[in-house]
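**Student:** Protein chains in written order, with our numbering: chain U, 1 to 146; chain P, 1 to 146.
Before I ask anything, here is the structure I am working with.
Protein chains: 2
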Amino acid sequence: MSDRIVTTSVQRAELAKRTGSNLETVRYYEKAGLMPEPQRNRSGYRIYGDYHIRRLRFILRARELGFTLEEVRGLLALVDGGHQTCAEVQARTERHLADVRAKIADLKRIERVLAKTTSACSGLDVPDCPILETLNSERTIRRRAK
Amino acid sequence: MSDRIVTTSVQRAELAKRTGSNLETVRYYEKAGLMPEPQRNRSGYRIYGDYHIRRLRFILRARELGFTLEEVRGLLALVDGGHQTCAEVQARTERHLADVRAKIADLKRIERVLAKTTSACSGLDVPDCPILETLNSERTIRRRAK
DNA sequence: GTAGGGTCTGTAGTAACTACAGACTCAAGA
DNA sequence: TCTTGAGTCTGTAGTTACTACAGACCCTAC
Numbered sequence: 001m002s003d004r005i006v007t008t009s010v011q012r013a014e015l016a017k018r019t020g021s022n023l024e025t026v027r028y029y030e031k032a033g034l035m036p037e038p039q040r041n042r043s044g045y046r047i048y049g050d051y052h053i054r055r056l057r058f059i060l061r062a063r064e065l066g067f068t069l070e071e072v073r074g075l076l077a078l079v080d081g082g083h084q085t086c087a088e089v090q091a092r093t094e095r096h097l098a099d100v101r102a103k104i105a106d107l108k109r110i111e112r113v114l115a116k117t118t119s120a121c122s123g124l125d126v127p128d129c130p131i132l133e134t135l136n137s138e139r140t141i142r143r144r145a146k
Numbered sequence: 001m002s003d004r005i006v007t008t009s010v011q012r013a014e015l016a017k018r019t020g021s022n023l024e025t026v027r028y029y030e031k032a033g034l035m036p037e038p039q040r041n042r043s044g045y046r047i048y049g050d051y052h053i054r055r056l057r058f059i060l061r062a063r064e065l066g067f068t069l070e071e072v073r074g075l076l077a078l079v080d081g082g083h084q085t086c087a088e089v090q091a092r093t094e095r096h097l098a099d100v101r102a103k104i105a106d107l108k109r110i111e112r113v114l115a116k117t118t119s120a121c122s123g124l125d126v127p128d129c130p131i132l133e134t135l136n137s138e139r140t141i142r143r144r145a146k
């Protein structure tokens with residue numbers, strides 16, 4: 001009785017629902033090559049099993065962590081190769097972490113300028129405004145080069 | 001002699017160069033309705049004066065501060081109306097500042113997860129990897145709802 | 001006159017989705 | 001059985017904010 005195997009068979013919308021994603025995104029990832037094409041039923045409907053559920057979860061988690069699709073593709077290639085190493089995954093993740101930190105630094109810069117100018121703002125019904133002065137001035141902020 | 005008025009007349013690429021922007025972006029902003037269409041010379045070349053230089057600078061500064069084009073459009077409408085108030089500008093800027101802070105919070109969340117998992121990573125040539133475990137797990141991170 | 005570089009307009013591509021439309025499928029209800 | 005409404009399919013297009021390319025025209029130095 002315990003050797004009964006319960007396999008999952010869900011359609012696209014159900015897959016999206018189970019993974020907290022969007023059904024169109026599922027198709028998009030398939031088109032992008034991140035999700036392998038699943039089996040189909042007689043009507044041509046996609047039928048997903050456990051493998052696809054796991055795979056999609058991986059992709060979604062990585063996206064949530066801010067990895068680009070290309071970066072996700074790289075991680076998947078490591079995993080798919082079957083001989084990923086902790087070292088390689090770590091290298092990629094640290095690169096990504098550095099990007100995240102750079103973005104934070106950028107946003108903090110912006111936050112500082114905004115906070116400073118709004119606090120200098122009288123908030124009155126007057127036409128003079130430090131914020132507009134900032135926007136009208138020569139370059140005052142620095143952003144990380146793209 | 002001091003009543004000599006020097007007016008600026010530059011073409012698109014020069015305008016972009018003077019403002020540190022991209023000549024295609026200039027056209028894009030015109031198409032988007034943020035930059036009024038300038039005068040043209042006999043050949044049909046756009047000729048920009050001081051007004052346009054100032055206007056483009058405003059837009060670029062606002063973009064650097066992370067305002068969306070729609071938000072910039074709103075700020076410009078205030079300025080163009082000629083009776084902007086410090087109160088209204090401040091309200092919009094504070095809304096935007098709140099967005100920036102939310103983004104920072106999001107990224108910090110991501111940073112925390114990434115830093116934690118990479119530090120747990122042995123960095124060795126082994127197949128076990130906490131980062132992949134994180135990506136393979138059920139939802140572990142929370143993001144601000146879009 | 002020629003050549004090379006600049007400007008024009010229009011269109012398309014990028015990244016990462018998201019939505020829509022017409023055609024087909026499915027299942028419940030009359 | 002037929003109808004209806006919802007679901008799935010494929011293909012295409014739209015969003016945001018750019019960026020690039022192509023063919024046609026303009027400009028200037030040689």
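The beta carbon of each residue, even a glycine, is placed where N, CA and C say it ideally should be.
Please check if any C-beta of chain U sits within less than 8 Å of the C-beta of residue 93 (chain P).
**Tutor:** Residue 93 (chain P) sits at position 93 when you count from the first residue of the second sequence. So yes, residue 93 (chain P) belongs to the interface.
**Student:** Would you mind sorting residue 38 (chain U) into buried or exposed? The rule is 16 or more other CB atoms within 10 Å of its CB.
**Tutor:** Taking the first residue of the first sequence as position 1, residue 38 (chain U) is located at position 38. Label assigned to residue 38 (chain U): buried.
**Student:** Please name the residues in the stretch 12-45 of chain U whose beta-carbon is closer than 8 Å to at least one beta-carbon of chain P, in chain order.
**Tutor:** From the stretch 12-45 of chain U, only 20 have a Cβ closer than 8 Å to chain P.
**Student:** Within 8 Å (strictly less), CB to CB, does residue 108 (chain P) reach chain U?
**Tutor:** As a position in the second sequence, residue 108 (chain P) is number 108, starting the count at 1. Chain U, which has a Cβ nearer than 8 Å to the Cβ of residue 108 (chain P), makes this yes.
**Student:** Do residue 53 (chain P) and residue 15 (chain P) have their C-beta atoms closer together than 8 Å?
**Tutor:** As a first step, residue 53 (chain P) must be located in the second sequence, where it is residue number 53. As a first step, residue 15 (chain P) must be located in the second sequence, where it is residue number 15. Their beta carbons are under 8 Å apart, which means residue 53 (chain P) touches residue 15 (chain P) by this criterion.
**Student:** Hey, quick one: how far does the alpha helix (DSSP H) through residue 106 (chain U) stretch, first residue to last?
**Tutor:** Within the first sequence, numbered from 1, the residue matching residue 106 (chain U) stands at position 106. Its alpha helix (DSSP H) spans residues 86-119.
**Student:** For residue 121 (chain P), decide whether its Cβ has a neighbour in chain U, counting only Cβ atoms nearer than 8 Å.
**Tutor:** The residue given as residue 121 (chain P) occupies position 121 in the second sequence. At least one chain U Cβ lies under 8 Å of residue 121 (chain P).
**Student:** Measuring only the C-alpha atoms, how far is residue 85 (chain P) from residue 68 (chain P)?
**Tutor:** Position 85 of the second sequence holds residue 85 (chain P). Position 68 of the second sequence holds residue 68 (chain P). Distance between the alpha carbons of residue 85 (chain P) and residue 68 (chain P) is about 21 Å.
**Student:** Would the beta-carbon of residue 97 (chain U) fall within 8 Å of that of residue 88 (chain U)?
**Tutor:** Start at 1 with the first residue of the first sequence, and residue 97 (chain U) comes out as number 97. Start at 1 with the first residue of the first sequence, and residue 88 (chain U) comes out as number 88. No, they are not a contact pair.
**Student:** When you compare the CB positions of residue 93 (chain P) and residue 93 (chain U), do they come within less than 8 Å of one another, or not?
**Tutor:** The count along the second sequence starts at 1 and reaches residue 93 (chain P) at position 93. The count along the first sequence starts at 1 and reaches residue 93 (chain U) at position 93. No, they are not a contact pair.
**Student:** Among U:30, U:11 and U:35, which has the Cα closest to the Cα of residue 44 (chain U)?
**Tutor:** Translated into positions along the first sequence, residue 44 (chain U) becomes position 44. Out of U:30, U:11 and U:35, U:11 has the C-alpha closest to the C-alpha of residue 44 (chain U).
**Student:** Got a sec? Which residues, its chain only, sit under 7 Å from residue 36 (chain P) by beta carbon, not counting five neighbours each side?
**Tutor:** Sequence index remark: in the second sequence, residue 36 (chain P) carries index 36 (1-based). Once the five neighbours on either side are set aside, residue 36 (chain P) has no close Cβ partner at all.
**Student:** Locate the alpha helix (DSSP H) running through residue 134 (chain U), then write down its first and last residues.
**Tutor:** Sequence index remark: in the first sequence, residue 134 (chain U) carries index 134 (1-based). Counting along the chain, the alpha helix (DSSP H) containing residue 134 (chain U) begins and ends at 130-136.
**Student:** Check each residue of the stretch 66-79 of chain U: if its Cβ is closer than 8 Å to any Cβ of chain P, include it; give the result in chain order.
**Tutor:** Within the stretch 66-79 of chain U, the qualifying residues are 66, 75 and 79.
**Student:** Since residue 72 (chain U) is in the alpha helix (DSSP H), which residue starts that stretch and which ends it?
**Tutor:** The residue given as residue 72 (chain U) occupies position 72 in the first sequence. Counting along the chain, the alpha helix (DSSP H) containing residue 72 (chain U) begins and ends at 69-81.
**Student:** How many angstroms separate the CA atom of residue 146 (chain U) from the CA atom of residue 50 (chain U)?
**Tutor:** As a working note, residue 146 (chain U) is residue 146 in the first sequence. As a working note, residue 50 (chain U) is residue 50 in the first sequence. Bear in mind that the predicted position of residue 146 (chain U) carries a pLDDT of just 43, short of 50, making it unreliable; the figure below should be weighed with that in mind. Between residue 146 (chain U) and residue 50 (chain U), the C-alpha separation is close to 40 Å.
**Student:** Report yes if the C-beta distance between residue 111 (chain P) and residue 110 (chain U) is below 8 Å; otherwise report no.
**Tutor:** The residue you call residue 111 (chain P) lines up with position 111 of the second sequence. The residue you call residue 110 (chain U) lines up with position 110 of the first sequence. Result no, Cβ atoms of residue 111 (chain P) and residue 110 (chain U) do not sit closer than 8 Å.
**Student:** Please compile the residues from chain P whose C-beta is within a distance smaller than 7 Å of the C-beta of residue 128 (chain U).
**Tutor:** One-based indexing of the first sequence puts residue 128 (chain U) at position 128. 86, listed in chain order.
**Student:** Around the Cβ of residue 81 (chain P), are there at least 16 other Cβ atoms within 10 angstroms (buried) or fewer (exposed)?
**Tutor:** Position 81 of the second sequence, counted from the start, is the residue given in the question as residue 81 (chain P). Exposed is the call here.
**Student:** Using 10 angstroms around the beta-carbon of residue 13 (chain P), count the other beta-carbons present and answer buried if the total reaches 16, otherwise exposed.
**Tutor:** Position 13 of the second sequence, counted from the first residue, corresponds to residue 13 (chain P). Residue 13 (chain P) comes out exposed.
**Student:** Could you check how far apart the C-beta atoms of residue 61 (chain P) and residue 135 (chain U) are, in whole angstroms? I think they sit under 8 Å.
**Tutor:** By one-based count along the second sequence, residue 61 (chain P) stands at place 61. By one-based count along the first sequence, residue 135 (chain U) stands at place 135. The Cβ separation is near 5 Å, so the contact holds.
**Student:** Residue 103 (chain P) touches chain U at which residues, Cβ-Cβ below 8 Å?
**Tutor:** Residue 103 (chain P) sits at position 103 when you count from the first residue of the second sequence. Correct list: 107.
**Student:** Show which residues of chain P have a CB atom less than 8 Å away from the CB atom of residue 100 (chain U).
**Tutor:** The residue given as residue 100 (chain U) occupies position 100 in the first sequence. Going along chain P in sequence order, the residues near residue 100 (chain U) (Cβ under 8 Å) are 107, 110, 111 and 114.
**Student:** By the DSSP assignment, the alpha helix (DSSP H) with residue 42 (chain P) in it spans what residues?
**Tutor:** As a working mapping, residue 42 (chain P) is identified with position 42 in the second sequence. Careful: residue 42 (chain P) lies outside any alpha helix (DSSP H) and carries neither H nor E.
**Student:** Fully enclosed by the stretch 16-70 of chain P, which alpha helix (DSSP H) runs are 4 residues long or longer?
**Tutor:** DSSP runs (the alpha helix (DSSP H)) wholly in the stretch 16-70 of chain P: 23-31 and 50-64.
**Student:** Would you mind sorting residue 66 (chain P) into buried or exposed? The rule is 16 or more other CB atoms within 10 Å of its CB.
**Tutor:** The residue given as residue 66 (chain P) occupies position 66 in the second sequence. Flag for residue 66 (chain P) reads buried.
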